[in-house]
Amino acid sequence: MSFPLVSPPHLASTKIVIANWKMHGDLQRNQALMHAYLQALSPLAPEVKVIVCPPYPYLAQLQSLCQGSVVSWGAQNVAKNVIGAYTGEVSPRMLIDFGAQYVIVGHSERSTAYCESDENIAEKFMLAKQHGLTPILCVGETLLEREAGVMERVVGKQLETIIQRFGGCAFANTIISYEPIWAIGTGLAASVDQAVAMHQFIHETVKTADSDAIQTLKILYGGSVNPQNALQLLQHPEIDGALVGRCALDAEAFIEICKSAVPTTV
Ligand code: 13P
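1 is the number of the first residue of the sequence shown in my numbering; add one for each residue after it.
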């Protein structure tokens with residue numbers, strides 16, 4: 001299968017903070033949360049790019065609340081097919097219909113609970129890109145894998161599946177989020193050193209595969225990012241931003257995290 005490459009909008013050289021709402025929210029709460037986000041986040045643009053990924057049914061609400069604002073929106077998953085008899089699936093074209101520009105693919109909460117293989121994830125990644133969405137690829141290892149010292153092998157395989165199938169150029173204008181599974185929802189974030197070591201590994205892997213693609217690839221960190229650890233993580237030059245779960249449901253905490261991404265002048 002070969003895909004024509006459609007270049008999504010270039011990702012500016014800003015930090016990116018993404019709210020992954022997971023399966024949380026309702027119309028009323030989303031509205032209140034977005035009201036708070038929008039008021040506080042407008043002054044941070046363009047230095048910090050904020051993207052919100054609500055559950056599918058709320059994409060239309062996000063579209064109406066965020067259109068013309070500094071906040072972009074995206075989905076938490078996408079089908080690996082464009083149209084057809086795929087009950088329960090949502091096509092990239094449908095996401096585009098609701099103004100989505102981004103989509104998370106390969107989140108461990110999906111790959112574990114719904115048995116998504118690396119091959120499946122690679123297909124979703126490429127199909128999303130082909131349709132002009134910017135894929136946000138989640139990669140990361142389990143605690144057992146980290147303790148066994150094979151975390152780079154695990155993340156390397158996740159990346160190589162895409163590289164072997166579509167070439168390193170597939171990573172141009174996309175986002176990878178390093179999300180160690182042991183850090184997600186546990187309150188135990190990776191240390192800056194652990195995150196940076198893996199970011200460097202991801203950088204080198206993609207650079208070896210395609211030295212141009214690395215120029216427009218953003219590498220984020222996700223896993224228990226909170227207002228206390230955000231500054232250290234987000235001010236590091238190797239960390240291009242954060243993918244935030246729990247703290248994105250609390251306006252004050254999320255805004256604080258976004259403020260931590262504003263470049264400080266020394
Ligand atoms: P937490 O921030 O709740 O650990 O979730 C991280 C995550 O899974 C983001 O996609």
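We put the CB at the ideal spot given by N, CA and C, even for glycine. Everything numeric in this text was worked out from a predicted model, so none of it was measured.
Starting from residue i and walking both ways along the beta strand (DSSP E), at which residues does that stretch end?
i       : result
Ile-184 : Here Ile-184 belongs to no beta strand (DSSP E), and DSSP marks it neither H nor E.
Ala-75  : 71-75
Cys-53  : 48-53
Tyr-102 : 102-105
Does DSSP put residue i in a helix, a strand or coil?
i       : result
Ile-96  : helix
Ile-175 : strand
Asn-30  : helix
Ile-18  : strand
Val-196 : helix
Pro-135 : strand
Ile-121 : helix
Tyr-86  : coil
Pro-8   : With a pLDDT of only 42 at Pro-8, under the threshold of 50, the placement of this residue in the model should not be trusted, and no figure is reported.
What residue range does the alpha helix (DSSP H) around residue i cover?
i       : result
Ile-214 : Where Ile-214 is concerned, there is no enclosing alpha helix (DSSP H), given that its DSSP letter is neither H nor E.
Gly-156 : 151-166
Ile-257 : 251-260
Thr-112 : 108-113
Ala-242 : Ala-242 -> not in any alpha helix (DSSP H); beta strand (DSSP E) instead, spanning 241-244.
Glu-147 : 143-147
Cys-66  : 59-66
Ala-230 : 230-234
Which residue from the options puts its Cα closest to that of residue i?
i       : options                               : result
Pro-46  : Val-71, Gln-164 and Glu-160           : Val-71
Arg-273 : Ala-122, Thr-174, Gly-156 and Gly-187 : No statement about residue 273 is possible, as the shown extent of the chain runs from 1 to 266 and does not include it.
Thr-205 : Gln-31, Gln-130, Asn-30 and Arg-153   : Arg-153
Lys-15  : Leu-220, Asp-250, Ala-248 and Ile-255 : Leu-220
Tyr-37  : His-24, Pro-263, Phe-201 and Ala-248  : Ala-248
Lys-259 : Leu-65, Val-48 and Lys-22             : Val-48
His-236 : Val-155, Thr-264 and Gly-185          : Thr-264
His-199 : Asp-212, Ile-184, Pro-180 and Ser-211 : Pro-180
Gly-167 : Val-192, Gly-149, Gly-185 and Phe-125 : Phe-125
Gly-187 : Ala-209, Gly-222, Ser-111 and His-24  : Gly-222
Ser-108 : Gly-68, Tyr-178 and Val-90            : Tyr-178
Ala-78  : Ala-19, Thr-134, Ile-257 and Asn-226  : Note that residue 78 corresponds to Val in the displayed sequence, not to Ala. Cα-wise, what sits closest to Val-78 is Thr-134.
Ile-162 : Ile-255, Glu-256 and Ala-209          : Ala-209
Lys-157 : His-35, Ile-175, Glu-147 and Cys-138  : Cys-138
Gln-130 : Ser-69, Leu-143 and Arg-93            : Arg-93
Ser-42  : Trp-21, Ser-69 and Ala-190            : Ser-69
Glu-252 : His-35, Asp-26, Gly-25 and Lys-22     : His-35
Gln-61  : Gln-31, Val-90 and Ala-40             : Gln-31
Glu-147 : Trp-182, Tyr-58 and Cys-66            : Trp-182
Could you say if the region 218-230 and the region 244-257 meet the contact criterion of at least three C-beta pairs nearer than 8 Å?
-> For the pair of segments examined, the region 218-230 was found to touch the region 244-257: the number of CB pairs separated by less than 8 Å reaches three.
Within the chosen definition, does the region 163-182 reach the region 215-222 through at least 3 CB pairs nearer than 8 Å?
-> Look at the beta carbons and you see the region 163-182 touching the region 215-222: at least three pairs across the two are nearer than 8 Å.
Does the count of Cβ pairs from the region 84-91 and the region 105-117 closer than 8 Å reach three?
-> The region 105-117 and the region 84-91 do not touch, with fewer than three beta-carbon pairs separated by less than 8 Å.
The region 53-60 in contact with the region 95-102 per 3-pair CB rule at 8 Å | Yes: the two stretches touch, three or more of their Cβ pairs being nearer than 8 Å.
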